[in-house]
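> This is the structure, below, for whatever I ask next.
4 protein chains.
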Amino acid sequence: MSVNKVILVGNVGKDPEVRYLDNDVAVANFSIATTERGYTSRDGQTVPDRTEWHNVVAWRGLAKVVENYVKKGTQLFIEGKIRTRSYDDKDGNKRYVTEVYADNLQMLGRKSDNPGSSDQAGGAMNTSQQPAQNAPSPNNAAQEDTFLGNDESDDLPF
Amino acid sequence: MSVNKVILVGNVGKDPEVRYLDNDVAVANFSIATTERGYTSRDGQTVPDRTEWHNVVAWRGLAKVVENYVKKGTQLFIEGKIRTRSYDDKDGNKRYVTEVYADNLQMLGRKSDNPGSSDQAGGAMNTSQQPAQNAPSPNNAAQEDTFLGNDESDDLPF
Amino acid sequence: MSVNKVILVGNVGKDPEVRYLDNDVAVANFSIATTERGYTSRDGQTVPDRTEWHNVVAWRGLAKVVENYVKKGTQLFIEGKIRTRSYDDKDGNKRYVTEVYADNLQMLGRKSDNPGSSDQAGGAMNTSQQPAQNAPSPNNAAQEDTFLGNDESDDLPF
Amino acid sequence: MSVNKVILVGNVGKDPEVRYLDNDVAVANFSIATTERGYTSRDGQTVPDRTEWHNVVAWRGLAKVVENYVKKGTQLFIEGKIRTRSYDDKDGNKRYVTEVYADNLQMLGRKSDNPGSSDQAGGAMNTSQQPAQNAPSPNNAAQEDTFLGNDESDDLPF
DNA sequence: TTTT
DNA sequence: TTTT
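Going line by line, the protein sequences match chains A, B, C and D. Each residue of the first sequence is one higher than the one before, counting from 1 in UniProt numbering. Each residue of the second sequence is one higher than the one before, counting from 1 in UniProt numbering. Each residue of the third sequence is one higher than the one before, counting from 1 in UniProt numbering. Each residue of the fourth sequence is one higher than the one before, counting from 1 in UniProt numbering.
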């Protein structure tokens, strides 16, 4: 009876931090920036650009993709949800931090933009749409030419 | 390397059609309307309301929710993807129809609006968000039953 | 070159607070809850429901809609963006709070759910999609000015 | 009281077609592909990749961006709405075609990917959020002062 | 802290 | 064909 969805496209600010829990579960943390263009209003008021930094958290398979292919500057598409968690700061005060919990993550740009990336690099990891579970081939070959092999084009509608 | 996402909030036009395949997989079909408000532009031009009808397809668990709780007039939130499929019409011509393949579906409105619905009725069915979460800390008591029925089930299409 | 989009469907926790700035601009603040269903994993682990509270801010026309029609318990659809702003707490420490800045807001449920609402009450206020077009006609001419009126402007705080 | 939103990230199939109506309004048409990864299910069933082609329509400013910077292969983020329109085919039969009417469009990838693009080239065009664009708001009162000064900054909420 |  |  509710929906909590976030969609971001932006650039990663620093190389992500990835750690492994005792049970070998991977967790990645990084921030990504989105910028709203500034402008000058009719009455001459200038509104500058506004950059928002989002703290993103990714788990498991997604965290591994992050570990292997995401780095400072990478442009990403992220689909996830908002989560606010609390923690006690050094003075014992309760603090809150809001994060974007990633459910899906896609590396954007052309292959050439993600040099470190193998074919699977450019691919996507999805904690949700993954139809099977075991998800066999991560994000394989087929993806490389992301585009080419679409002979369906011909028989396309209209 | 790609995203195909649709989000709709609208009202169902007729009672859905639900059928079961040989393998007992349920499939539901129904249409939902979204309406854009019309307006009068500065130059006096009147633009009328515009209603769009979307053909929605739901499978498995989602189809069962549809079967049990969705009917003519029901207000729904739908998350899914666009799919265009072809078929041959009676004259042997190839025709195309574009549908919204539902991955998540939520009944909107108060419980009282969905009389036939039990707690789970008002709930959600989600083929995607599944067992994601991790984050421990709940978030706070007060909200607990904020919204009842939601059993998940997730599911999956082919 | 970036996208920052949030979509929420949830229930308002308390009656909203609406105030007017010196320039008569309205600002509304309220929180809305979204709940993720808990579940029991295959290994018997129970994950409880998890409710997230989102601080929402609406300006101008949207704030007025909030003032007139939104109250504790109201189910809303909200489209907006994430914004984190800082402030100094009583001890002079910099604190951060993340909010959802609403660009579009829709009251959900049947009319009967929103008793105080007139036709437009139940309607939507949209700081962005606004005059969108409708123009039935195919693709051409008639549609032409389809767009004009859209400038939008709206928004933005700070 | 309704929502009709589409979000796509994909690659353009061919160079777009852009034409100008008598009133100098630009209209762009092009198709973009999104691909769902195939997979092998637990029972050994192989599900191949599935590519979906979306017909996109952009107007005015957006169409000009398309004209100048989008070409075959360009990776795009598109936000828009679903629209189905009808037309009569050569045999006088009513046919329907579903399109994505773009409200926002972003070129993805690094600058180097969009060689022809100047700073604004790589930028975004938004028929909705664009605050600047003069053009006053047609639509509704509430929106009127839509923008003006933003001195509110000071008197911000909380 | 990123990007344009 | 729905809803407001």
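Yeah, the Cβ is synthetic: ideal placement off N, Cα and C, and Gly gets one too. Everything numeric in this text was worked out from a predicted model, so none of it was measured.
Measure the C-alpha to C-alpha separation of residue 122 (chain D) and residue 76 (chain A) and round it to an integer number of angstroms.
Position 122 of the fourth sequence holds residue 122 (chain D). Position 76 of the first sequence holds residue 76 (chain A). Low per-residue confidence applies at residue 122 (chain D): pLDDT is 42, beneath 50, and the placement is therefore not dependable, though the value from the model is reported in the following sentence. Each residue's alpha carbon lies about 16 Å from the other.
> Can you list, in chain order, the residues of its chain whose CB lies under 8 Å from that of residue 11 (chain B), leaving out five sequence neighbours each side?
Stepping through the second sequence from its first residue, residue 11 (chain B) is reached at position 11. The answer, listed in chain order, is 32, 33, 73, 74, 75 and 76.
> Strictly under 8 Å for the Cβ-Cβ distance: is residue 25 (chain A) near chain D by that measure?
Locating residue 25 (chain A) in the first sequence gives position 25, counting from the first residue. No, its Cβ sits nowhere closer than 8 Å to a Cβ of chain D.
> Below 8 Å, how does it come out for the stretch 13–29 of chain B and the stretch 14–25 of chain D: are there three or more Cβ pairs, yes or no?
Flag = no, the stretch 13–29 of chain B and the stretch 14–25 of chain D do not touch.
> How would you label residue 44 (chain C), buried or exposed, when you count the other beta carbons within 10 angstroms and need 16 or more for buried?
Taking the third sequence and counting its residues from 1, one reaches residue 44 (chain C) at position 44. When all chains shown are included, residue 44 (chain C) counts as exposed.
> Determine whether the Cβ of residue 109 (chain C) lies closer than 8 Å to any Cβ atom of chain A.
Stepping through the third sequence from its first residue, residue 109 (chain C) is reached at position 109. Chain A, which has no Cβ nearer than 8 Å to the Cβ of residue 109 (chain C), makes this no.
> Could you tell me which of B:40, B:8, B:83 and B:109 sits nearest to residue 53 (chain B), measuring between CA atoms?
What you label residue 53 (chain B) is simply residue 53 of the second sequence in a count that begins at 1. Residue B:8 is the option with its Cα nearest to residue 53 (chain B).
> So for residue 80 (chain B), helix, strand or coil by DSSP?
Stepping through the second sequence from its first residue, residue 80 (chain B) is reached at position 80. If DSSP states are grouped into helix, strand and coil, residue 80 (chain B) belongs with the strands.
> Give me, in chain order, the residues of the same chain whose beta-carbon lies closer than 6 Å to that of residue 108 (chain B); leave out the 5 immediate sequence neighbours on both sides.
By one-based count along the second sequence, residue 108 (chain B) stands at place 108. Counting only Cβ-Cβ distances below 6 Å, and skipping sequence neighbours, we find 75 and 77.
> List the residues of chain C whose Cβ lies closer than 7 Å to the Cβ of residue 66 (chain A), in chain order.
Locating residue 66 (chain A) in the first sequence gives position 66, where the first residue counts as 1. Here the premise fails: no neighbours, minimum Cβ distance about 19 Å.
> Name, in chain order, the residues that DSSP records as bridge partners for residue 31 (chain A).
Here residue 31 (chain A) is taken as the residue at index 31 of the first sequence, counted from 1. Answer is A:55.
> Chain B beta carbons: is any one of them nearer than 8 Å to that of residue 30 (chain A)?
Your numbering for residue 30 (chain A) matches position 30 in the first sequence. Chain B, which has no Cβ nearer than 8 Å to the Cβ of residue 30 (chain A), makes this no.
> Using a threshold of 8 Å, state whether the C-beta atoms of residue 106 (chain C) and residue 3 (chain D) are closer than that.
Residue mapping note: residue 106 (chain C) aligns to position 106 of the third sequence, counting from 1. Residue mapping note: residue 3 (chain D) aligns to position 3 of the fourth sequence, counting from 1. Result yes, Cβ atoms of residue 106 (chain C) and residue 3 (chain D) sit closer than 8 Å.
> Please confirm if residue 74 (chain D) has its CB atom under 8 Å from at least one CB of chain B.
For the purposes of this step, residue 74 (chain D) is identified with residue 74 of the fourth sequence, where counting begins at 1. Chain B, which has no Cβ nearer than 8 Å to the Cβ of residue 74 (chain D), makes this no.
> Can you tell me the Cα-Cα spacing of residue 57 (chain C) and residue 63 (chain C), whole angstroms?
For this step, residue 57 (chain C) is matched to residue 57 along the third sequence. For this step, residue 63 (chain C) is matched to residue 63 along the third sequence. One C-alpha to the other measures close to 8 Å.
> For residue 80 (chain A), decide whether its Cβ has a neighbour in chain C, counting only Cβ atoms nearer than 8 Å.
Along the first sequence, read from residue 1 onward, the residue named residue 80 (chain A) stands at position 80. No, no contact with chain C.
> Do the CB positions of residue 80 (chain D) and residue 100 (chain D) come within less than 8 Å of each other?
On the fourth sequence, position 80 is the one that residue 80 (chain D) refers to. On the fourth sequence, position 100 is the one that residue 100 (chain D) refers to. Taking 8 Å as the Cβ cut-off, residue 80 (chain D) and residue 100 (chain D) qualify as a contacting pair.
> Determine the extent of the alpha helix (DSSP H) in which residue 13 (chain C) is found, giving its start and end residues.
Sequence index remark: in the third sequence, residue 13 (chain C) carries index 13 (1-based). Unbroken run through residue 13 (chain C): none, as it is neither H nor E.
> In terms of residue numbering, what span does the alpha helix (DSSP H) encompassing residue 37 (chain A) cover?
Numbered from 1 along the first sequence, position 37 holds the residue referred to as residue 37 (chain A). That residue, residue 37 (chain A), is in no alpha helix (DSSP H); it is neither H nor E in DSSP.
> Where residue 49 (chain A) and residue 98 (chain C) are concerned, what is the direct C-alpha to C-alpha distance, given to the nearest angstrom?
Residue numbering aside, residue 49 (chain A) sits at position 49 when the first sequence is read from its first letter. Residue numbering aside, residue 98 (chain C) sits at position 98 when the third sequence is read from its first letter. So the alpha carbons of these two residues sit roughly 19 Å apart.
> Where does residue 64 (chain C) sit, in a helix, a strand or coil, going by DSSP?
Walking along the third sequence from the start, residue 64 (chain C) turns up at place 64. Here residue 64 (chain C) sits in helix by DSSP.
> At which residues does the beta strand (DSSP E) containing residue 98 (chain A) begin and terminate?
In the first sequence, counting from the first residue as 1, residue 98 (chain A) sits at position 98. Note, residue 98 (chain A): beta strand (DSSP E), 94–107.
> Is it buried or exposed for residue 46 (chain B), if we count other Cβ within 10 angstroms and need 16 for buried?
The residue you call residue 46 (chain B) lines up with position 46 of the second sequence. So residue 46 (chain B) counts as exposed.
> For residue 12 (chain D), decide whether its Cβ has a neighbour in chain C, counting only Cβ atoms nearer than 8 Å.
Taking the fourth sequence and counting its residues from 1, the one referred to as residue 12 (chain D) is at position 12. Not an interface residue.
> Just the Cα atoms here: how many angstroms apart are residue 51 (chain A) and residue 89 (chain C)?
Residue numbering aside, residue 51 (chain A) sits at position 51 when the first sequence is read from its first letter. Residue numbering aside, residue 89 (chain C) sits at position 89 when the third sequence is read from its first letter. Those two C-alpha atoms are separated by around 23 Å.
> Starting from the C-beta of residue 39 (chain D), find all residues in its chain whose C-beta is less than 6 Å away, skip the five residues before and the five after it, and write them out in chain order.
Reading the fourth sequence from its first residue, position 39 is the one you call residue 39 (chain D). Once the five neighbours on either side are set aside, the close Cβ partners of residue 39 (chain D) are 47.
> Does residue 106 (chain C) have its Cβ less than 8 Å from a Cβ in chain D?
For this step, residue 106 (chain C) is matched to residue 106 along the third sequence. Yes, because at least one Cβ of chain D sits closer than 8 Å to the Cβ of residue 106 (chain C).
> Comparing alpha-carbon positions, which option in B:92, B:91 and B:84 lies nearest residue 96 (chain D)?
Numbered from its first residue, the fourth sequence carries residue 96 (chain D) at position 96. The shortest Cα separation from residue 96 (chain D) among B:92, B:91 and B:84 belongs to B:84.
> Would you tell me roughly how many angstroms separate the C-alpha atoms of residue 55 (chain C) and residue 29 (chain C), rounded to the nearest one?
As a working mapping, residue 55 (chain C) is identified with position 55 in the third sequence. As a working mapping, residue 29 (chain C) is identified with position 29 in the third sequence. So the alpha carbons of these two residues sit roughly 7 Å apart.
> I'd like the list of long-range same chain contacts for residue 59 (chain A), defined as Cβ closer than 6 Å, with 5 residues on each side in sequence excluded.
Your numbering for residue 59 (chain A) matches position 59 in the first sequence. Closer than 6 Å at Cβ, skipping near neighbours: 27.
> Can you confirm whether residue 58 (chain B), when its beta carbon is compared against all beta carbons of chain A, has any partner nearer than 8 Å?
Locating residue 58 (chain B) in the second sequence gives position 58, counting from the first residue. Closer than 8 Å: no.
> On the criterion of 16 or more Cβ atoms from any shown chain inside 10 Å, does residue 87 (chain A) qualify as buried, or is it exposed?
Walking along the first sequence from the start, residue 87 (chain A) turns up at place 87. With fewer than 16 other Cβ atoms within 10 Å, it is exposed.
> Do you know how far the Cα of residue 93 (chain B) is from the Cα of residue 91 (chain D)?
By one-based count along the fourth sequence, residue 91 (chain D) stands at place 91. By one-based count along the second sequence, residue 93 (chain B) stands at place 93. For residue 91 (chain D) and residue 93 (chain B), the distance between alpha carbons rounds to 12 Å.
> With DSSP as the reference, identify every bridge partner of residue 74 (chain B), one or two as the case may be.
As a working mapping, residue 74 (chain B) is identified with position 74 in the second sequence. Paired residues: none, contrary to the question.
> From the beta carbon of residue 3 (chain C), is the nearest beta carbon of chain B less than 8 Å away?
The sequence position of residue 3 (chain C) within the third sequence is 3, counting from 1. It does not; no Cβ of chain B falls within 8 Å.
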